[in-house]
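> Can you keep this structure in mind? I'll have questions shortly.
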Amino acid sequence: MSESGHTFAYAFKTEHLTRSFAGFKAVNDITLEIPSGGVRTIIGPNGAGKTTFFNLLSGLLPPSSGRVLFEDRDITGLDPYQRARLGIARSFQITNIFGKLSVYENVRLAVQSLYDGKANFLLPSGRMGDLHGKAVAILDDIGLSPAAEALAENLSHGDQRRLEIGLVLARDPAILMLDEPTAGMSPTETHATVELIQRISPGRTIMLVEHDIDVVMSISTTITVMQTGQILAVGTPEEIRDNEAVQRAYLGGLA
Ligand SMILES: Nc1ncnc2c1ncn2[C@@H]1O[C@H](COP(=O)(O)OP(=O)(O)OP(=O)(O)O)[C@@H](O)[C@H]1O
Ligand SMILES: [Mg+2]
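Going by the working numbering, the sequence shown opens with residue 4, and the numbers climb by one from there.
This is the structure we're talking about:
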């Protein structure tokens, strides 16, 4: 949904999107629509160009050529900060977390920073109550209420990564992009993260890069398979599992 309440059929659209590194096309002429809503997962072998594609969508990298559209707007020239203001949010690594602050304080700061860009002196004092309530709700969403008072640096790896997602959620983004959110997690942490993603997906588009094929199959609305900078296939988990080209290229072991 846009601010005007109009629903768009696609979240992102790319047109001939290409990114080269010293002549090597990490993303090679991708024309693709990513539908609005649901969990849209990108898979593919190491080096396929998944992270580069993400970087082009979030604005971390400019393309060598081609365009990126968000809803009905050409955002190719916008930087990540400008895209974030449109509702495109991306989880970064734990460097965003203040280790010496509590989990609650981290979330609270993230919520507060939303208002900081605006004329702060206009912020009614009553809104401070909202900030607390919003922070508490996010802690609940990410399952870290019991750890609210813990120093962020003392969290487990999995909990830190969930906190990262919480910091991004503070923006209430329309599109949330997560690059390998379960990387390095234990099975229990992975399970909790899958539940978290399912809990926060209604009303927004989640874009995921994920290697854990069980996670991919259980959580995805659609799967986009990348190979050598291009799109090999797009489909539902069932369609991708049954796709022979995908089997050959990547999912050989998938029963
Ligand atoms: N900044 C860069 N400079 C040079 N080459 C790069 C750069 N970023 C990516 N590449 C190259 O582009 C290709 C795609 O990389 P990318 O990180 O997008 O792949 P990926 O699909 O995310 O892989 P992985 O599954 O290992 O995370 C790789 O060959 C990589 O070495
Ligand atoms: Mg990657």
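Ideal Cβ placement from N, Cα and C applies to all residues, glycine included.
At a cut of 8 Å, does the stretch 31 to 46 reach the stretch 83 to 97 through at least three beta carbon pairs?
Touching, no.
> According to DSSP, is M180 helix, strand or coil?
As a working note, residue 180 is residue 177 in the sequence shown. M180 falls in the strand class under three-state DSSP.
> Under the criterion of a Cβ to heavy atom distance below 7 Å, does K53 qualify as lining ligand 1?
Locating residue 53 in the sequence shown gives position 50, where the first residue counts as 1. Under cutoff, so the answer is yes.
> Note down the Cα distance separating R202 from R43, rounded to an integer number of angstroms.
Taking the first residue of the sequence shown as 1, we reach residue 202 at position 199. Taking the first residue of the sequence shown as 1, we reach residue 43 at position 40. C-alpha separation (whole angstroms): 15 Å.
> Hey, would you say L72 sits closer than 8 Å to V110, going by beta carbons?
If you number the sequence shown from 1, residue 72 lands on position 69. If you number the sequence shown from 1, residue 110 lands on position 107. Not closer than 8 Å, so no.
> Would you report the Cα separation of A29 and S23, rounded to the nearest angstrom?
Mapped onto the sequence shown, residue 29 falls at position 26. Mapped onto the sequence shown, residue 23 falls at position 20. Answer to the nearest angstrom: the Cα atoms are 6 Å apart.
> Which runs of the beta strand (DSSP E) at least 3 residues long sit entirely within the stretch 180 to 255? Give them in chain order.
As far as the stretch 180 to 255 is concerned, its whole beta strand (DSSP E) runs of at least 3 residues are 208 to 212, 225 to 230, 233 to 238.
> Run through the DSSP bridge pairs and tell me what R70 is partnered with.
Within the sequence shown, residue 70 is the residue found at index 67, counting from 1. R70 pairs with E18.
> Starting from the C-beta of P83, find all residues in its chain whose C-beta is less than 6 Å away, skip the five residues before and the five after it, and write them out in chain order.
Within the sequence shown, residue 83 is the residue found at index 80, counting from 1. Excluding sequence neighbours, P83 sits near S61, G62, L63.
> If you measure between the beta carbons of I100 and E152, is that distance less than 8 Å?
Start at 1 with the first residue of the sequence shown, and residue 100 comes out as number 97. Start at 1 with the first residue of the sequence shown, and residue 152 comes out as number 149. Taking 8 Å as the Cβ cut-off, I100 and E152 do not qualify as a contacting pair.
> Nearest CA to the CA of V218: which residue from P66, T193, V237?
Position 215 of the sequence shown, counted from the first residue, corresponds to residue 218. Comparing Cα-Cα distances from V218 to each of P66, T193, V237, the minimum goes to T193.
> Cα separation between A122 and R70?
Indexing the sequence shown from 1 puts residue 122 at position 119. Indexing the sequence shown from 1 puts residue 70 at position 67. Residue placement at A122 is poorly supported in this model, since its pLDDT is 45, which falls under 50; the coordinates are not used for a value here.
> For R31, count neighbouring Cβ atoms within 10 angstroms of its own Cβ and tell me buried if that reaches 16, exposed if not.
The residue labelled residue 31 in the question sits at position 28 within the sequence shown. Here the sequence assigns Asn to residue 31, which means Arg is not the residue at that position. The residue is buried, with at least 16 neighbouring Cβ atoms inside 10 Å.
> Answer yes or no: does any C-beta atom of chain B fall closer than 8 Å to that of P65?
Looking at the structure shown, chain B is missing, and only one protein chain is on hand.
> Closer than 7 Å: is that where the CB of V212 sits relative to any heavy atom of ligand 2?
Counted from its first residue, the sequence shown places residue 212 at position 209. Yes.
> Which residue wins for smallest C-alpha separation from S105, given the options I141, I33, E156, G238?
In the sequence shown, counting from the first residue as 1, residue 105 sits at position 102. Nearest of I141, I33, E156, G238 to S105, Cα basis: E156.
> Does T239 pass the burial test, meaning 16 or more other C-beta atoms within 10 Å, or should it be called exposed?
As a position in the sequence shown, residue 239 is number 236, starting the count at 1. Exposed, by the Cβ-count rule.
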